[in-house]
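Engineer: A single structure is presented below for examination.
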Amino acid sequence: IPSTGWDKLFLSFISADTGKVSAKTNKANVRNGSCKWPDPIYEATRLLQDSRTKTYDDKLYKIVVAMGTSRSSILGELDVNLAEFAEALKPVSIALPLRGCEFGTILHVWF
1 IPSTGWDKLF
11 LSFISADTGK
21 VSAKTNKANV
31 RNGSCKWPDP
41 IYEATRLLQD
51 SRTKTYDDKL
61 YKIVVAMGTS
71 RSSILGELDV
81 NLAEFAEALK
91 PVSIALPLRG
101 CEFGTILHVW
111 F
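Following this line, the structure appears as C-alpha cells:
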C-alpha cells in the first residue's frame, strides 16, 4: 500500500449477481505499507452443483479496497469465485493482486 494518501481502508464484499454490498469491514489503519482488518467477513451463500459433472456453478463476488465511497477513493478491486473453494477441507490462503491499482498492492485472503 502506498505510504501517502491511504491512511485507513475498508473492504466491501459485493455479489456479482445483485451488484449489492453483502458485507463490509470497518476501516483499518494502514501501517508500514500494510493493513489488517480485525473483523472478518462471513458470507453464507448457496452453491449449486451439477449432478452429472459434480462441478459447482460459479458464485462470483467482487472485493473492493477503498478509503471512501467515491471512485477516486478506491485503491483497487478483485473478483473471486467462491465455487472454487467449495470443497476445501480447511481454510485456504490466497494472495491476489488488486486490479486497477498502480502500486502493485496484493490482498491476502482466507477462504
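Position 7 (the sequence shown) corresponds to 7 in the working numbering; numbering is contiguous. Here a beta-carbon is modelled for each residue, glycine too, at the ideal position from N, C-alpha and C.
Quick check on the burial criterion: 16 or more other C-beta atoms within 10 angstroms. Buried or exposed for Gly-76?
Structural biologist: The residue given as residue 76 occupies position 76 in the sequence shown. Buried, because 16 or more other Cβ atoms sit within 10 Å of the Cβ of Gly-76.
Engineer: Please state whether DSSP places Ser-51 in a helix, a strand or coil.
Structural biologist: Translated into the one-based positions of the sequence shown, residue 51 becomes position 51. DSSP places Ser-51 in coil when its eight states are reduced to three.
Engineer: What three-state label does DSSP hand Arg-71 in the structure shown?
Structural biologist: To locate residue 71, count along the sequence shown from 1; it is residue 71. Note: Arg-71 maps to helix in three-state DSSP.
Engineer: Contact defined as beta carbons within less than 8 Å: I believe Val-64 pairs with Ser-12. What is the distance between those atoms, to the nearest angstrom?
Structural biologist: For the purposes of this step, residue 64 is taken as residue 64 along the sequence shown, with counting starting at 1. For the purposes of this step, residue 12 is taken as residue 12 along the sequence shown, with counting starting at 1. Between Ser-12 and Val-64 the Cβ distance is about 4 Å, and since that is below 8 Å, they are a contact.
Engineer: When we look at the beta-carbon of Ile-1 and count the other beta-carbons within 10 Å, is it buried (16 or more) or exposed?
Structural biologist: Along the sequence shown, read from residue 1 onward, the residue named residue 1 stands at position 1. Buried is the call here.
Engineer: Taking C-beta to C-beta, are Val-109 and Leu-96 nearer than 9 Å?
Structural biologist: For the purposes of this step, residue 109 is identified with residue 109 of the sequence shown, where counting begins at 1. For the purposes of this step, residue 96 is identified with residue 96 of the sequence shown, where counting begins at 1. Contact flag set, yes.
Engineer: Who pairs with Gly-76 in a beta bridge, going by DSSP?
Structural biologist: Along the sequence shown, read from residue 1 onward, the residue named residue 76 stands at position 76. DSSP output for Gly-76 lists Val-65 as bridge partner(s).
Engineer: Using the rule of at least 16 other Cβ atoms within 10 Å of the residue's Cβ for burial, across every protein chain shown, is Lys-59 buried or exposed?
Structural biologist: Counting from 1 along the sequence shown, the entry for residue 59 is found at position 59. By the neighbour-count rule (16 or more Cβ atoms within 10 Å), Lys-59 is buried.
Engineer: Within a Cβ cutoff of 8 Å, which residues of the same chain sit near Asp-57, ignoring the five residues on either side of it in sequence?
Structural biologist: Here residue 57 is taken as the residue at index 57 of the sequence shown, counted from 1. Correct list, in chain order: Leu-47, Leu-48, Gln-49, Asp-50 and Ala-83.
Engineer: Along the chain, where does the beta strand (DSSP E) that runs through Trp-110 open and close?
Structural biologist: The residue labelled residue 110 in the question sits at position 110 within the sequence shown. Here the beta strand (DSSP E) through Trp-110 covers 106 to 110.
Engineer: With a 10 Å radius around its C-beta and 16 neighbouring C-beta atoms as the bar for buried, classify Tyr-61 as buried or exposed.
Structural biologist: Within the sequence shown, residue 61 is the residue found at index 61, counting from 1. With at least 16 other beta carbons inside 10 angstroms of its own, Tyr-61 counts as buried.
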